[in-house]
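Heads up: the protein sequence lines correspond to chains F and D, in order.
Quick note on numbering: the numbering used here labels position 77 of the first sequence as 103, and the sequence is numbered without any gaps.
Quick note on numbering: the numbering used here labels position 12 of the second sequence as 38, and the sequence is numbered without any gaps.
Cβ coordinates follow ideal geometry from the N, Cα and C atoms, glycine included.
2 protein chains.
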Amino acid sequence: MSFLELEYSLNYKFSNNNLLELALTHRSYGSPHNERLEFLGDSVLNFAITIFLFEKYSDIDEGGLSRLRARLVQQNSLATIASDLNLSRYLKLGDGELKSGGCNRPSILADCLEAVFGAVFKDSSFNEARIVIEKQFVKLLNNLDLKTMCKDAKSLLQELLQSRKISLPRYLIVNINGAAHNQRFEIECIISELNIKTKALGDTRRSAEQAAAKIAINILTSSNYLDCYLYKSIKV
Amino acid sequence: MSFLELEYSLNYKFSNNNLLELALTHRSYGSPHNERLEFLGDSVLNFAITIFLFEKYSDIDEGGLSRLRARLVQQNSLATIASDLNLSRYLKLGDGELKSGGCNRPSILADCLEAVFGAVFKDSSFNEARIVIEKQFVKLLNNLDLKTMCKDAKSLLQELLQSRKISLPRYLIVNINGAAHNQRFEIECIISELNIKTKALGDTRRSAEQAAAKIAINILTSSNYLDCYLYKSIKV
């Protein structure tokens, strides 16, 4: 199969076409497949986006940068880029996946795109991979909603819940330890409607509330992502 | 403050000492502090370890590589390296943190070490940072317990539970969709004693069970890590 058009869109010419072919081979097709390259590419992508954000947004704090990065490298963004690149035309899938429309499944497309980034890195260098990645992400990078993404965890959690018409969280102090100049606050964040309760420590009431809100956001977003339901009750 | 000994241990001489000083400044000390460098360094570290594992263990699959990496970059490993480097001697902490023994707290040491790796990258290049990181991780890299780490998720979950004297998980088929040649299995992994129930899809019964076990491992390990307890009940 010729990869000319894909290489043109990537603006990168492979020295070793076998690497690109491997990146486009799903595990359903048999071994060897693209999962190791995906593992590599995920880290290449993460690092390239991290450097970009770190350099460009020197006034945004670590929490804001983390949220921007999470938004950029999420499955939907990757699948959109993969579709724009027509990756589905080149995918090697097993018969079962092929018949069930696997070549348009967002998870397969996203993983495959990461594997392609891994293949570029392996074929040349991190700098080459970084250029390829920035070219593909340029539209997303220019459209980042900084205002939303850089909000603190409590504000973000509030908006997340409001958008789903769920009652707002309550924050309770469950414990204060230490002498006056050196207190540690233990705060619970409670979202009754979802039966979610998280607990966190902090040097100030505010920092503990932020930390508890952050854990709640992680639960809400990772649960969607995992496409599963969980019942948990683990004691500290 | 002179950083000569630290630079000697890192086997790296900074061009810009201010970067190293920033990496050693905790947020409790005031602004600017090391959290942005920590964000950068976390990604540098992840990428360096990923490349190392990818190149060295060409016969280990993506799941095995992920587990090896998670073991290497976990807080305890980082804090141990930070202690060996005597990082606590150089830390700039606020009065409160100082009095409460913050300079020996594993989370502060681990974050600070990541910030130092970020500072090396910023001061020079990824290749320099990679050399510094590999030197610090050489002992851990040589002591990796491949046998344990490369086990599949079901085996790993079983051992995790047995080591805590908790009854083994049950796997139930809750649904099978699709025609004979193209079935999708929906499996529940139930750990009654902990009130944990996870659900996952797969093209085979085995792959769905592995996926459900993996989610259960994530819950068990991340709950310990987060030092919090959660009650969840989220419907698909």
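Practice prompt. Would you check if the region 111-122 of chain F and the region 134-143 of chain F touch, i.e. whether three or more CB-CB distances between them fall below 8 Å?
Written response: yes
Worksheet item: In the structure shown, what three-state DSSP assignment does residue 226 of chain F receive?
Response: Here residue 226 of chain F refers to the residue found at position 200 when the first sequence is read from its first residue. Reduced to three states, the DSSP call for residue 226 of chain F is strand.
Worksheet item: Does any C-beta atom of chain F lie closer than 8 Å to the C-beta of residue 92 of chain D?
Response: By 1-based counting over the second sequence, the position of residue 92 of chain D is 66. Judged by the 8 Å Cβ criterion, residue 92 of chain D is in contact with chain F.
Item to complete: State the CB to CB distance for the pair residue 145 of chain D and residue 46 of chain D, rounded to an integer number of angstroms; the pair is presumed to be in contact (CB under 8 Å).
Response: Position 119 of the second sequence, counting from 1, holds the residue named residue 145 of chain D. Position 20 of the second sequence, counting from 1, holds the residue named residue 46 of chain D. Yes, residue 145 of chain D and residue 46 of chain D are in contact; Cβ-Cβ is about 5 Å, under 8 Å.
Discussion item. If we define contact as Cβ-Cβ less than 8 Å, is residue 259 of chain D a contact residue for chain F?
Written reply: Your numbering for residue 259 of chain D matches position 233 in the second sequence. With a pLDDT of only 27 at residue 259 of chain D, under 50, the local geometry of the prediction cannot be trusted, and the value read off the model is given with reservation. At least one chain F Cβ lies under 8 Å of residue 259 of chain D.
Discussion item. Taking a contact to mean a Cβ-Cβ separation below 8 Å, would you say residue 246 of chain F touches residue 186 of chain F in this structure?
Written reply: Counting from 1 along the first sequence, the entry for residue 246 of chain F is found at position 220. Counting from 1 along the first sequence, the entry for residue 186 of chain F is found at position 160. Yes, Cβ-Cβ distance for residue 246 of chain F and residue 186 of chain F is below 8 Å.
Worksheet item: Which chain F residues are close to residue 65 of chain D, counting only those with a beta carbon under 8 Å from its beta carbon?
Response: Residue 65 of chain D sits at position 39 when you count from the first residue of the second sequence. 76, 80, 88, 91, 92, listed in chain order.
Fill in: Pair within 8 Å by beta-carbon distance, residue 227 of chain F and residue 211 of chain F
The residue you call residue 227 of chain F lines up with position 201 of the first sequence. The residue you call residue 211 of chain F lines up with position 185 of the first sequence. Yes. Within cutoff.
Discussion item. What are the residues in the region 111-126 of chain D lying within 9 Å of chain F by C-beta distance?
Written reply: 120, 121, 122, 123, 125, 126
Worksheet item: Do you know how far the Cα of residue 194 of chain D is from the Cα of residue 184 of chain D?
Response: Your numbering for residue 184 of chain D matches position 158 in the second sequence. Your numbering for residue 194 of chain D matches position 168 in the second sequence. So the alpha carbons of these two residues sit roughly 6 Å apart.
Worksheet entry | Rounded straight-line distance, which links the Cα of residue 177 of chain F to that of residue 86 of chain F | In the first sequence, the residue the question calls residue 86 of chain F occupies position 60. In the first sequence, the residue the question calls residue 177 of chain F occupies position 151. Cα to Cα, the separation comes out at about 10 Å.
Worksheet item: What three-state label does DSSP hand residue 169 of chain D in the structure shown?
Response: Residue 169 of chain D sits at position 143 when you count from the first residue of the second sequence. Coil, per DSSP.
Discussion item. Can you confirm whether residue 52 of chain D, when its beta carbon is compared against all beta carbons of chain F, has any partner nearer than 8 Å?
Written reply: The residue given as residue 52 of chain D occupies position 26 in the second sequence. It does not: the Cβ of residue 52 of chain D has no partner Cβ on chain F nearer than 8 Å.
Discussion item. Just verifying my parser: in three-state terms, what is the DSSP assignment at residue 192 of chain D?
Written reply: In the second sequence, counting from the first residue as 1, residue 192 of chain D sits at position 166. If DSSP states are grouped into helix, strand and coil, residue 192 of chain D belongs with coil.
Discussion item. Counting only Cβ-Cβ distances shorter than 7 Å, please list the residues of the region 218-246 of chain D near chain F, keeping chain order.
Written reply: 220, 221, 222, 223, 224, 225, 226, 229, 241, 245
Discussion item. So, at 7 Å on beta carbons, what are the nonlocal neighbours of residue 53 of chain D in its own chain, with the 5 sequence-adjacent residues on each side left out?
Written reply: Indexing the second sequence from 1 puts residue 53 of chain D at position 27. Excluding residues within five positions, the ones whose Cβ falls inside 7 Å are 59, 61.
Worksheet item: How would you list, in chain order, the residues of chain D whose beta-carbon sits under 7 Å from the beta-carbon of residue 61 of chain F?
Response: Along the first sequence, one-based indexing puts residue 61 of chain F at 35. Residues of chain D passing the Cβ test: 87, 88.
Practice prompt. Determine which residues of the region 138-154 of chain F have a Cβ less than 8 Å from any Cβ of chain C, and write them out in chain order.
Written response: Protein chains F and D are contained in the structure displayed, whereas chain C is not.
Worksheet item: If you measure beta-carbon to beta-carbon, which residues of the region 34-48 of chain D are closer than 9 Å to chain F?
Response: none
Worksheet item: Secondary structure at residue 200 of chain D, three-state DSSP: helix, strand or coil?
Response: The sequence position of residue 200 of chain D within the second sequence is 174, counting from 1. Residue state, collapsed to three classes: strand.
Discussion item. By the DSSP assignment, the beta strand (DSSP E) with residue 210 of chain D in it spans what residues?
Written reply: Position 184 of the second sequence, counting from 1, holds the residue named residue 210 of chain D. 210-217 is the span of the beta strand (DSSP E), which, as asked, contains residue 210 of chain D.
Fill in: Residues that residue 51 of chain D bridges to, as DSSP identifies them
Position 25 of the second sequence holds residue 51 of chain D. Answer is D:118, bridged to residue 51 of chain D.
Discussion item. Short of 7 Å in beta carbon distance, which residues of its chain neighbour residue 133 of chain F, apart from the five on each side in sequence? Order them along the chain.
Written reply: The sequence position of residue 133 of chain F within the first sequence is 107, counting from 1. So the list reads 101, once near-sequence residues are dropped.
Worksheet item: Which term fits residue 96 of chain F, buried or exposed, when burial requires 16 or more other beta carbons within 10 angstroms of its beta carbon?
Response: The residue labelled residue 96 of chain F in the question sits at position 70 within the first sequence. When all chains shown are included, residue 96 of chain F counts as exposed.
Fill in: Alpha-carbon spacing of residue 241 of chain F relative to residue 218 of chain F, whole angstroms
Along the first sequence, read from residue 1 onward, the residue named residue 241 of chain F stands at position 215. Along the first sequence, read from residue 1 onward, the residue named residue 218 of chain F stands at position 192. Rounded to the nearest angstrom, the two C-alpha atoms are 15 Å apart.
Worksheet entry | Given residue 73 of chain F as reference, the closest of D:163, D:152, D:29 once Cα atoms are compared | Along the first sequence, read from residue 1 onward, the residue named residue 73 of chain F stands at position 47. Nearest C-alpha to residue 73 of chain F: D:152.
Discussion item. Between which residues of its own chain and residue 33 of chain F is the CB-CB distance below 6 Å, once the five residues before and five after are set aside?
Written reply: For the purposes of this step, residue 33 of chain F is taken as residue 7 along the first sequence, with counting starting at 1. The answer, listed in chain order, is 39.
Discussion item. According to DSSP, is residue 239 of chain D part of a helix, a strand, or is it coil?
Written reply: On the second sequence, position 213 is the one that residue 239 of chain D refers to. Residue 239 of chain D: helix per DSSP, three-state reduction.
Discussion item. Give me, in chain order, the residues of the same chain whose beta-carbon lies closer than 8 Å to that of residue 188 of chain F; leave out the 5 immediate sequence neighbours on both sides.
Written reply: As a position in the first sequence, residue 188 of chain F is number 162, starting the count at 1. 194, listed in sequence order.
Practice prompt. Apply the 10 Å Cβ neighbour rule to residue 93 of chain F and answer buried if 16 or more other Cβ atoms are within range, or exposed otherwise.
Written response: Numbered from 1 along the first sequence, position 67 holds the residue referred to as residue 93 of chain F. Flag for residue 93 of chain F reads buried.
Fill in: Best match in D:82, D:35, D:129, D:121 for proximity to residue 168 of chain D [C-alpha to C-alpha]
Your numbering for residue 168 of chain D matches position 142 in the second sequence. Comparing Cα positions, the closest option is D:82.
Fill in: Through-space distance from residue 196 of chain D to residue 63 of chain D, alpha-carbon basis
Looking up residue 63 of chain D in the second sequence gives position 37. Looking up residue 196 of chain D in the second sequence gives position 170. Computed Cα separation, rounded: 44 Å.
Fill in: Element boundaries [alpha helix (DSSP H), containing residue 129 of chain F]
For the purposes of this step, residue 129 of chain F is taken as the residue at position 103 of the first sequence. Here residue 129 of chain F belongs to no alpha helix (DSSP H), and DSSP marks it neither H nor E.
Worksheet entry | Inter-residue spacing [alpha-carbon to alpha-carbon] between residue 106 of chain D and residue 80 of chain D | Numbered from 1 along the second sequence, position 80 holds the residue referred to as residue 106 of chain D. Numbered from 1 along the second sequence, position 54 holds the residue referred to as residue 80 of chain D. Taking the straight line joining both Cα atoms gives about 24 Å.
Worksheet item: So, does the CB of residue 56 of chain F fall closer than 8 Å to a CB anywhere in chain D?
Response: Residue numbering aside, residue 56 of chain F sits at position 30 when the first sequence is read from its first letter. Closer than 8 Å: no.
Discussion item. Could you check whether residue 91 of chain D and residue 65 of chain F sit closer than 8 Å to each other, using their CB atoms as the reference points?
Written reply: Here the question's residue 65 of chain F lines up with position 39 in the first sequence. Here the question's residue 91 of chain D lines up with position 65 in the second sequence. Yes.
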